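First comes the structure, then the notes that go with it.
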Amino acid sequence: ETGVTQTPRHLVMGMTNKKSLKCEQHLGHNAMYWYKQSAKKPLELMFVYSLEERVENNSVPSRFSPECPNSSHLFLHLHTLQPEDSALYLCASRQASEANTGELFFGEGSRLTVL
Amino acid sequence: GQNIDQPTEMTATEGAIVQINCTYQTSGFNGLFWYQQHAGEAPTFLSYNVLDGLEEKGRFSSFLSRSKGYSYLLLKELQMKDSASYLCAVVSNDYKLSFGAGTTVTVRA
């Protein structure tokens, strides 16, 4: 139990569906992240929210839409995805500070399959 | 941009030592993390280095040379449960962490 909870753990969707991934952190951190993990590839940073404000958007296609309603919750809204978007989507949180020693705490991930 | 390189796979015998190297070229440097990820599970924190030198924590040690853009993770007295993927990650500013592709370590009996 890392203090970061992601739902659903598994999701299968068609290319025309709309779905959302949810992340909740109980650690009081001030930054939340979405990463995409594909087999044999580096974790790809998608979005970063610091104090509920988006501070990083790593050239992610518009079919992925993040939402951070408060410092404890992060969503990833999915719309008209492609089969190549199938991957493990990891949420993480961190206490970002000048010391930069804050480690990332990851959720278990949401395994997405796009048919 | 960020460029973080680590070997794809390593295999070692139970009880042995394995060293996983990580080289990086980043637009800024504010520390380096090592994470462990078992199959189907979340990555978990192993170590953090921001100054040159060796940090030891039980069977695991991590080394950093900032001038060489180089780090290694040393796993001693390998156990079967150490079979996992090991991720090197560099902090470039106060919120951005960039990861390598991970090194899959297989421990054989």
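Which chain is which? The protein sequence lines are A and B, in order. If you use our numbering, the first sequence closes out at 115, no skipped numbers anywhere. If you use our numbering, the second sequence closes out at 1109, no skipped numbers anywhere. Beta carbons are placed, not taken as given, at the ideal position from N, Cα and C, and that holds for glycine. Here the structure is a predicted model, which means the values were calculated and not measured.
Reduced DSSP category for residue i - H, G, I as helix; E, B as strand; rest coil
{"i": "E67(A)", "result": "strand"}
{"i": "M1080(B)", "result": "helix"}
{"i": "D85(A)", "result": "helix"}
{"i": "H29(A)", "result": "coil"}
{"i": "K40(A)", "result": "coil"}
{"i": "A92(A)", "result": "strand"}
Straight-line gap, residue i to residue j (C-alpha atoms, nearest Å)
{"i": "D85(A)", "j": "L45(A)", "result": "14 angstroms"}
{"i": "L11(A)", "j": "N1093(B)", "result": "33 angstroms"}
{"i": "N70(A)", "j": "E52(A)", "result": "6 angstroms"}
{"i": "G1102(B)", "j": "E1009(B)", "result": "8 angstroms"}
{"i": "L43(A)", "j": "A1109(B)", "result": "30 angstroms"}
{"i": "S1005(B)", "j": "N1030(B)", "result": "This sequence places Asp at residue 1005(B); Ser is not what is there. In a straight line, the C-alpha of D1005(B) is about 17 angstroms away from that of N1030(B)."}
{"i": "S93(A)", "j": "G3(A)", "result": "9 angstroms"}
{"i": "A31(A)", "j": "S65(A)", "result": "17 angstroms"}
Contact under 8 angstroms by Cβ, residue i with residue j
{"i": "L90(A)", "j": "Q37(A)", "result": "yes"}
{"i": "S110(A)", "j": "F75(A)", "result": "no"}
{"i": "V60(A)", "j": "K1096(B)", "result": "no"}
{"i": "T80(A)", "j": "T16(A)", "result": "yes"}
{"i": "V1091(B)", "j": "Y1024(B)", "result": "no"}
{"i": "Y1072(B)", "j": "I1020(B)", "result": "yes"}
{"i": "L1087(B)", "j": "Y1035(B)", "result": "yes"}
{"i": "G102(A)", "j": "T5(A)", "result": "no"}
Within chain D, partners of residue i - CB distance below 9 angstroms
{"i": "F47(A)", "result": "Of the chains in the structure shown, none is chain D; the protein chains are A and B."}
Cross-chain neighbours of residue i in chain A, by beta carbon under 9 angstroms
{"i": "G977(B)", "result": "Shown here, chain B extends from 1001 to 1109; a query on residue 977(B) therefore has no answer."}
Neighbour list for residue i in chain B, Cβ cutoff strictly below 9 angstroms
{"i": "A87(A)", "result": "Within 9 angstroms Cβ-Cβ: nothing; A87(A) doesn't reach chain B, min ~14 angstroms."}
{"i": "V12(A)", "result": "Result: empty, since nearest Cβ-Cβ is about 17 angstroms, beyond 9 angstroms."}
Partner residues on chain A for residue i, Cβ-Cβ distance less than 8 angstroms
{"i": "I1020(B)", "result": "Neighbours of I1020(B) on chain A: none; closest Cβ ~15 angstroms, over 8 angstroms."}
Interface partners of residue i on chain A, CB under 7 angstroms
{"i": "A1016(B)", "result": "Near A1016(B) there are no residues of chain A at all, since even the closest Cβ is about 25 angstroms away, more than 7 angstroms."}
Partners in chain B for residue i, counting only beta-carbon separations shorter than 8 angstroms
{"i": "G3(A)", "result": "The premise fails here: G3(A) is roughly 11 angstroms from chain B at the closest Cβ pair, so nothing lies under 8 angstroms."}
(Q) Restricting to runs no shorter than 4 residues, where is the alpha helix (DSSP H) found entirely within the segment 1023-1072 of chain B? (A) Entirely contained in the segment 1023-1072 of chain B, not one alpha helix (DSSP H) run reaches 4 residues.
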